[in-house]
Amino acid sequence: MTTAIKNLPRDEIVMAGNGACGGCPATAGLRIVGKAFGPNAICLMTPSCSVASIGLLPKSSFNYPILNICFAAAGSSAAGMEYALESMQKKGRLNGEKPLVFTWIGDGGTYDIGFQALSAAAERNDDFIHICYNNEAYSNTGVQRSGATPRFAATTTTPTGKQCDKKNLPLLMLDHHIPYLATASLAYPGDFYDKLVKAKNTKGFRYIELLAPCYTGWKFAAEDMIDISRKAVNCGAWLMFEAENGKIEFTNPTKKFVDGTATPDSPAEYLSMQGRYTSSLKGDNKEFVINSVASQIAADLQLLRQRSTC
Amino acid sequence: MRRLFDTGCHVVAQAVKCADVDMVAAYPITPQTSVVEEIAALTESGEMNCRFLPVEGEHSAMAACVAAAAVGARAFTATSSQGLLYMHEVLHMASGCRFPLVMVNVNRAVFAPWTLWADHSDSLAQRDTGWLQLYCASLQEVFNTILQAYYIAERVRIPVMVNMDGFILSHCRMIVEMPDQQVIDKYLQHQPNGWIADPQNPSAYACVTGADLYPGFREELFNDTKNADKTIIEAAKVYHELTGMWDGDLIDTYRCDDADTFIIAIGSMAAEARISVDLLREQGIKAGLIKIRALRPFPAAAISDVLSDGARVMVLDRNYGFGTEGGIIFAELKAALFERAAQLQIANKIMGIGGADVNYQMMADAVTSAWDFRR
Ligand SMILES: Cc1ncc(C[n+]2csc(CCOP(=O)(O)OP(=O)(O)O)c2C)c(N)n1
Ligand code: SF4
Ligand SMILES: [Mg+2]
Chain A
1 MTTAIKNLPR DEIVMAGNGA CGGCPATAGL RIVGKAFGPN AICLMTPSCS
51 VASIGLLPKS SFNYPILNIC FAAAGSSAAG MEYALESMQK KGRLNGEKPL
101 VFTWIGDGGT YDIGFQALSA AAERNDDFIH ICYNNEAYSN TGVQRSGATP
151 RFAATTTTPT GKQCDKKNLP LLMLDHHIPY LATASLAYPG DFYDKLVKAK
201 NTKGFRYIEL LAPCYTGWKF AAEDMIDISR KAVNCGAWLM FEAENGKIEF
251 TNPTKKFVDG TATPDSPAEY LSMQGRYTSS LKGDNKEFVI NSVASQIAAD
301 LQLLRQRSTC
Chain B
1001 MRRLFDTGCH VVAQAVKCAD VDMVAAYPIT PQTSVVEEIA ALTESGEMNC
1051 RFLPVEGEHS AMAACVAAAA VGARAFTATS SQGLLYMHEV LHMASGCRFP
1101 LVMVNVNRAV FAPWTLWADH SDSLAQRDTG WLQLYCASLQ EVFNTILQAY
1151 YIAERVRIPV MVNMDGFILS HCRMIVEMPD QQVIDKYLQH QPNGWIADPQ
1201 NPSAYACVTG ADLYPGFREE LFNDTKNADK TIIEAAKVYH ELTGMWDGDL
1251 IDTYRCDDAD TFIIAIGSMA AEARISVDLL REQGIKAGLI KIRALRPFPA
1301 AAISDVLSDG ARVMVLDRNY GFGTEGGIIF AELKAALFER AAQLQIANKI
1351 MGIGGADVNY QMMADAVTSA WDFRR
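Taken in sequence, the protein lines are chains A and B.
Under this note's numbering, the residue at position 166 of the first sequence is numbered 166, and the numbers go up by one with no gaps.
Under this note's numbering, the residue at position 280 of the second sequence is numbered 1280, and the numbers go up by one with no gaps.
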């Protein structure tokens, strides 16, 4: 049973005075992370909206020890920290219980500049949790394209819409033979929480990716953030699953699309709610774009379906 | 005392073992490679009580060390040349965070074109990263300096780069005296750390600042780097008291007492230059050697104190200061001795680039061809 939102722990790690935009998906996600991981954890971040939203030194609005590290170095920094903690614990130089090490990193620090170090940490099965909050762009620097930006979405470096597909990073990470992987959505906070707890209770390299609809980048109304999150899942633009030791299990509603007991919604509404697709959806192009997105979703689903049964 | 007869790379590994390091993250590059291999072997066999993190590149190696230091661990890495250049961004982070890291850089010339042999372009390109830089002339000094580097770094909370020339030191075998472990443990007691990522007392580190606080952080690093000279001297003194060994502190001098002609060099060239000094003395030239051991902080006062009025000063550079009059150390020294410009004759010779042969005769010739000693 998925944990009900009313049963989530009351602990809050996101404090007042946060510098994020109101309705920021990253901050909303981090709240749930704090509930799942509890107080004994250390967070590493790379330059991103999340670091910017901590606030100005010496104040911090997140109630975790946070180290802001070089952009490319999420995987290696977390690994170095975990190795050090383990070594000091062995030598009796660690006060108290060994804390959980986790990274809270954007899609830029995961898909692009940070991918090399992340891939190496996954290959070594280093003992930490990498969480990617994927807002499908470099939001902090003003919304430039990333390897996670979907085709047709406009960013400041793809002003008329991106011309190529995003990477399938969850599958790429899965192919590193890691013990736990999950995708999550803010429209399903209990599911996200449960996946975080599962990750916490697993040893080795764990990867969780949260879709983080950034309303300033995607250009929709702030109050629609959860609604957009849900629409992304309902049309299959965001697929929900987890994999323990490589075995893929789907979570609802994605599970029904895979089973064939339901069909994904047309992506038309999801796309047209977002200003980043406006130029791609203009005039005659509209049908082509919606059909292309729909068939890409079908292909991604089919790929995952095959992977889950093999 | 224990005795070791081994290559420079293996001596580095032994020193790291003696320093009770918690985590080593490193990536291979010639001529540093056998440091990594030896540490991997020593940790895997259990001979060294430490975790070895085989990262996928040097940027990651330094990032792993930085994060290890953030939880209060003693961390180490070693690299050379391209690897050091690749770390550059993280070197700034390490010093900015005031993490007491120690790294060994096995000096090697830089790409392009591709070469494997020694010069100092790699470490001098990191001159302004806020790291302290020490240069060694023998394997005994390499061993002693790695221990001293931890002593210094953990007190001033500034990372220290220990430099040794590629192949000339890294692949050469020498006898090294290793103090007993109890002596080293006493010398390198773990220091309480300034900041540890502690869930009991959460705070954000290295995050965003404005122009109100940022200049203060940099100014503090600037001042503390300059003032680190006192701790470098103390580290050498205490090490001497405990072990009887001495390699100099900021500088080391040879036959300087009555000298009027000085060679200034760093690294292994400073060992060779002793023979040049003897040779020049045989020719009736009152030569002396100043070996710069600490390039950061730059020991301007210590050098100036040794130089007599009217002295001839030959600066040997194993690097080019592109767009300047010569080598980087030449430029540094002239700036440092500007006040005494009228009393000193400072000349420069660039040699040993990309491992080009350097011998005592060439260094002596540099002196005799710069000035007319017949008068
Ligand atoms: C080496 C390096 N290159 C570029 C930057 C500039 N930079 C800071 S944040 C950022 C984008 C971050 O994107 P992402 O990881 O997706 O996080 P988001 O801002 O979207 O939350 C960039 C390009 C940097 N800090 N370091
Ligand atoms: S730009 Fe987007 S990701 Fe960044 S703080 Fe605002 S809502 Fe959050
Ligand atoms: Mg992003």
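All residues carry an ideal CB built from backbone N, CA and C; glycine is no exception.
For my contact list, H1059 of chain B and V1036 of chain B are in at a C-beta cut-off of 8 angstroms; report their separation, rounded to the angstrom. No, H1059 of chain B and V1036 of chain B are not in contact; Cβ-Cβ is about 16 angstroms, not under 8 angstroms.
Report the residue from A:L94, A:T309, A:L30, A:A187 whose alpha carbon sits nearest the alpha carbon of D259 of chain A. Of A:L94, A:T309, A:L30, A:A187, the residue nearest in Cα terms is A:T309.
So which of B:P1031, B:G1057, B:M1023 has the shortest CA-CA distance to K90 of chain A? For K90 of chain A, the closest alpha carbon among the candidates B:P1031, B:G1057, B:M1023 is that of B:M1023.
Report the CB separation of I1158 of chain B from D1224 of chain B in whole angstroms; it is logged as a contact under 8 angstroms. Rounded to whole angstroms, the Cβ separation of I1158 of chain B and D1224 of chain B is 6 angstroms, and the two are in contact under 8 angstroms.
If T1115 of chain B and G1355 of chain B are in contact, beta carbons under 8 angstroms, what's the gap, nearest whole angstrom? T1115 of chain B to G1355 of chain B, Cβ: 7 angstroms. Contact.
What residues from chain A crowd round L1084 of chain B, counting only those whose CB sits closer than 7 angstroms? Result: empty, since nearest Cβ-Cβ is about 15 angstroms, beyond 7 angstroms.
Taking the alpha-carbon of R305 of chain A as reference, which of A:N125, A:K255, A:G283 has the nearest alpha-carbon? Minimum Cα distance to R305 of chain A is reached at A:K255.
Between the C-alpha atoms of Y1150 of chain B and A1235 of chain B, what's the straight-line distance to the nearest angstrom? The alpha-carbon atoms of Y1150 of chain B and A1235 of chain B are separated by roughly 9 angstroms.
Own chain residues within Cβ distance below 6 angstroms of C49 of chain A, not counting five before or after: Leaving aside the five residues that flank C49 of chain A on each side, the residues in its chain whose CB is nearer than 6 angstroms to its CB run, in chain order, A26, S139, N140.
Proximal residues to I1196 of chain B (C-beta, below 8 angstroms), its chain only, five neighbours per side dropped: Counting only Cβ-Cβ distances below 8 angstroms, and skipping sequence neighbours, we find A1070, V1071, G1072.
Residues near ligand 2, criterion Cβ-heavy atom distance below 6 angstroms: With the cut-off at 6 angstroms, the residues found are A:A20, A:C21, A:C24, A:A26, A:C49, A:S53, A:N135, A:S139, A:C214, A:Y215, A:T216, A:G217.
If we cut at 7 angstroms on Cβ distances, does P1159 of chain B have a partner in chain A? It does not; no Cβ of chain A falls within 7 angstroms.
Separation of K6 of chain A from L100 of chain A, as counted between CA atoms: Taking the straight line from one Cα to the other gives about 25 angstroms.
R1218 of chain B lies in the alpha helix (DSSP H); which residues open and close that run? Secondary structure note for R1218 of chain B: its alpha helix (DSSP H) is the uninterrupted segment 1214-1243.
Closer than 8 angstroms by beta-carbon distance: list the chain A residues that pair up with W1205 of chain B, in chain order. Checking the sequence, you will find Tyr at residue 1205 of chain B rather than Trp. By Cβ distance, chain A contributes P65, I66, L67, N68.
Quick check on the DSSP output: the alpha helix (DSSP H) that includes A1254 of chain B runs from which residue to which? Inspection of the sequence shows that residue 1254 of chain B is occupied by Tyr rather than by Ala. Y1254 of chain B: not part of any alpha helix (DSSP H); member of the beta strand (DSSP E) spanning 1251-1254, first to last residue.
Check for me: the alpha helix (DSSP H) holding M1093 of chain B runs from which residue to which? From DSSP, the alpha helix (DSSP H) with M1093 of chain B extends over 1088-1096.
Tell me which same chain residues have a C-beta within less than 8 angstroms of the C-beta of I297 of chain A, skipping the five on either side of it? Taken in chain order, the residues that qualify are C235, G236, A237, P264, P267.
Three or more C-beta pairs below 8 angstroms linking the region 217-227 of chain A and the region 287-294 of chain A: The region 217-227 of chain A vs the region 287-294 of chain A: no contact.
Same chain only: Cβ atoms within 6 angstroms of A1294 of chain B, ignoring 5 sequence neighbours per side: Cβ within range, chain order: L1134, I1232, L1250.
According to DSSP, is S272 of chain A helix, strand or coil? DSSP places S272 of chain A in helix when its eight states are reduced to three.
With 7 angstroms set as the bound, which would you pick, yes or no: does the beta-carbon of M1314 of chain B sit closer than that to a beta-carbon of chain A? No, no contact with chain A.
Taking only runs of the beta strand (DSSP E) that begin and end inside the region 1074-1141 of chain B, which ones reach a length of at least 3 residues, in chain order? Here the runs fully enclosed are 1075-1079, 1102-1107, 1132-1135.
Kindly give me the distance between the Cβ atoms of H1010 of chain B and E1047 of chain B, rounded to whole angstroms, as I take these residues to be in contact under 8 angstroms. About 13 angstroms; that fails the 8 angstroms criterion.
Using DSSP with H/G/I as helix, E/B as strand and the rest coil, what is L1289 of chain B? The three-state reading of DSSP puts L1289 of chain B in strand, counting E and B together.
Can you give me the start and stop residues for the beta strand (DSSP E) that V1208 of chain B sits inside? Taken as a continuous stretch (DSSP letters only), V1208 of chain B belongs to no beta strand (DSSP E), as it is neither H nor E.
Identify whether T1261 of chain B lies in helix, strand or coil by the three-state DSSP scheme. Three-state result, T1261 of chain B: strand.
Please identify the residue among A:L85, A:N95, A:T261, A:A73 whose C-alpha is closest to the C-alpha of H1088 of chain B. When each option's Cα is compared against that of H1088 of chain B, the closest is A:A73.
Under 6 angstroms: does the beta carbon of D112 of chain A sit that close to some heavy atom of ligand 3? Not one heavy atom of ligand 3 falls within 6 angstroms of the beta-carbon of D112 of chain A.
According to DSSP, is N1348 of chain B helix, strand or coil? Reduced to three states, the DSSP call for N1348 of chain B is strand.
Run down chain B in chain order and give the residues with a C-beta less than 7 angstroms from the C-beta of E86 of chain A. Chain B residues near E86 of chain A: R1051.
Boundaries (first-last residue) of the beta strand (DSSP E) holding L210 of chain A: Note, L210 of chain A: beta strand (DSSP E), 206-211.
Span of the beta strand (DSSP E) holding W104 of chain A? Segment 100-106, the beta strand (DSSP E) holding W104 of chain A.
Given a threshold of 16 other Cβ atoms within 10 Å of its Cβ, counted over all protein chains shown, does L303 of chain A qualify as buried or as exposed? With fewer than 16 other Cβ atoms within 10 Å, it is exposed.
Cβ pair count under 8 angstroms reaching 3, the region 9-29 of chain A against the region 169-183 of chain A: Touching, no.
Please confirm whether S76 of chain A and A1063 of chain B have their CB atoms less than 7 angstroms apart. Annotated as proximal: S76 of chain A and A1063 of chain B, with beta-carbon spacing under 7 angstroms.
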